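Undergrad:
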Amino acid sequence: MDYILGATFDYKFTTRAFATGVPGTLAGSPVIDIYEDNSTTEITGAETLTVDFDSITGLNNLRIVATSGNGFESDKSYAAVITTGTVGGVSVVGETILNFTIERTSALMPTTSGRTLDVTATGTAGVDWANVEGQGTSVDLSATAIDSCDDVTGNVDGT
71 MDYILGATFD YKFTTRAFAT GVPGTLAGSP VIDIYEDNST TEITGAETLT
121 VDFDSITGLN NLRIVATSGN GFESDKSYAA VITTGTVGGV SVVGETILNF
171 TIERTSALMP TTSGRTLDVT ATGTAGVDWA NVEGQGTSVD LSATAIDSCD
221 DVTGNVDGT
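Just so we're aligned, residue 71 is where the sequence shown starts under our numbering, counting upward by one.
1. How about E173 and D145: are their beta carbons less than 8 Å apart?
2. Where does F170 land, buried or exposed, given buried means 16+ other C-beta within 10 angstroms?
3. At what residue ranges does the segment 161 to 224 contain a whole run of the beta strand (DSSP E), taking only runs of 3 or more?
4. Once DSSP output is grouped into helix, strand and coil, what is the label at N108?
5. From P93 to G206, what does the alpha carbon distance come to, in whole angstroms?
6. If you follow the beta strand (DSSP E) that T127 is part of, which residue opens it and which one closes it?
7. By alpha-carbon positions, which one of A116, F142 and D221 ends up nearest to L132?
8. Where D103 and L168 are concerned, what is the direct C-alpha to C-alpha distance, given to the nearest angstrom?
9. Closest to N108 by C-alpha separation, out of S147, A87 and T223, would be which residue?
10. Would a C-beta distance cut-off of 8 Å place L96 and V157 closer than the cut-off?
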């Protein structure tokens, strides 16, 4: 999954007992750290782990605040990995929980986190004039070629 720098997102995952496959609590003071690309330096403090989320055994929630202040950068890949923890007394250190990117794989993205963007079938930005703010405001389109127009009002010099 690709996220915008500055996004806060949640990821649910299940931990299971190795012997039975039954969901089990992630125990032993669990820690999840995030690694950038091929770096061995963990990003810490950007994530919040909730074990047995909603009181459901084995269901965990990982919330990540992917800001530059927390060490994230655009055009990078990240992996969230358990660095401390057990399930049913068995170590789960080294288990990768989530792989994600920040502004790396999506060619066209909104600049504000949590917003959507209209993309045409060919992958270019679409404009939905009904959703353009300040429709009554004059906009200088002198560097814009307009192929067709239904109505023309105002100053038109024909060049």
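Note that CB positions come from ideal geometry on N, CA and C, so glycine has one too. Here the structure is a predicted model, which is why all the values come from computation and not from measurement.
TA: Based on what the coordinates show:
1. Walking along the sequence shown from the start, residue 173 turns up at place 103. Walking along the sequence shown from the start, residue 145 turns up at place 75. Yes, the pair counts as a contact, with Cβ atoms nearer than the cut-off.
2. Position 100 of the sequence shown, counted from the start, is the residue given in the question as residue 170. Its Cβ being crowded by 16 or more others within 10 Å, F170 is buried.
3. 166 to 172, all fully within the segment 161 to 224.
4. Mapped onto the sequence shown, residue 108 falls at position 38. Residue state, collapsed to three classes: coil.
5. Taking the sequence shown and counting its residues from 1, the one referred to as residue 93 is at position 23. Taking the sequence shown and counting its residues from 1, the one referred to as residue 206 is at position 136. Spanning the alpha carbons of P93 and G206 requires a straight line of approximately 57 Å.
6. Taking the first residue of the sequence shown as 1, we reach residue 127 at position 57. Here T127 belongs to no beta strand (DSSP E), and DSSP marks it neither H nor E.
7. For the purposes of this step, residue 132 is identified with residue 62 of the sequence shown, where counting begins at 1. It is A116 whose Cα lies nearest to the Cα of L132.
8. Looking up residue 103 in the sequence shown gives position 33. Looking up residue 168 in the sequence shown gives position 98. When rounded, the distance between both Cα atoms is 11 Å.
9. As a working note, residue 108 is residue 38 in the sequence shown. Nearest of S147, A87 and T223 to N108, Cα basis: S147.
10. Along the sequence shown, read from residue 1 onward, the residue named residue 96 stands at position 26. Along the sequence shown, read from residue 1 onward, the residue named residue 157 stands at position 87. It is a contact, given that the beta carbons lie within the stated cut-off.
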